[in-house]
Amino acid sequence: RIEIEAELVTVSDPVLLFTPDAPQHKALEWLLEEDEFFSCPQDSNLVQRYIVAVLYYSTDGGNWNECNAASDLSDPVEIESANNDCTLSGVSWLSPSDECFWGGLTCGKLEAVESIHLWKNDLAGAIPTEVGKLQAL
4 RIEIEAELVT VSDPVLLFTP DAPQHKALEW LLEEDEFFSC PQDSNLVQRY IVAVLYYSTD
64 GGNWNECNAA SDLSDPVEIE SANNDCTLSG VSWLSPSDEC FWGGLTCGKL EAVESIHLWK
124 NDLAGAIPTE VGKLQAL
């Protein structure tokens, strides 16, 4: 946990990372406690996975029209149902698959997010500054 937090304070304001209602904190807690992809501090996609999770929480992802996360992220049936409801190419966000497969994200050869297409989702909120740290975007 400490190693992941240390990595993510280089991306997000530490105050936001540790403020319970902040999208950054929600993304951190999801990554550490709920994400069944089980990222490790040395994983090359750790920061990218965190950033797109921050985007999800910052833009009210739970109320998106397309590809929002399953209501129970530990239930394979719920995850499959959410994936089936995703009509954008990909699977639901926050699913235990590689984030490059989440609906609306496109990654290049190095598995780096190159584009984000969420035009159908009626996003609410602000695009977080962390998105600017996706190096291939």
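For the sequence shown, our numbering assigns the number 4 to the initial residue and increments by one for each residue that follows.
Cβ coordinates follow ideal geometry from the N, Cα and C atoms, glycine included.
If you're wondering where the values come from, they're calculated on a predicted model, not measured in any experiment.
Checking the sheet assignment: what are the DSSP bridge partners for residue 110? 116
Check your understanding: Buried or exposed: where does residue 67 fall if 16 or more other Cβ atoms within 10 Å of its Cβ makes it buried?
Key -> buried
### Query
Would you call residue 33 buried or exposed, if buried means 16 or more other Cβ atoms sit within 10 Å of its Cβ?
buried
Please tell me whether residue 49 and residue 83 are closer than 9 angstroms, where the distance is taken between their beta carbons. no
Specify, as a first and last residue, the run of the alpha helix (DSSP H) that residue 14 falls within. It is not in any alpha helix (DSSP H) - residue 14 carries neither H nor E in the DSSP assignment.
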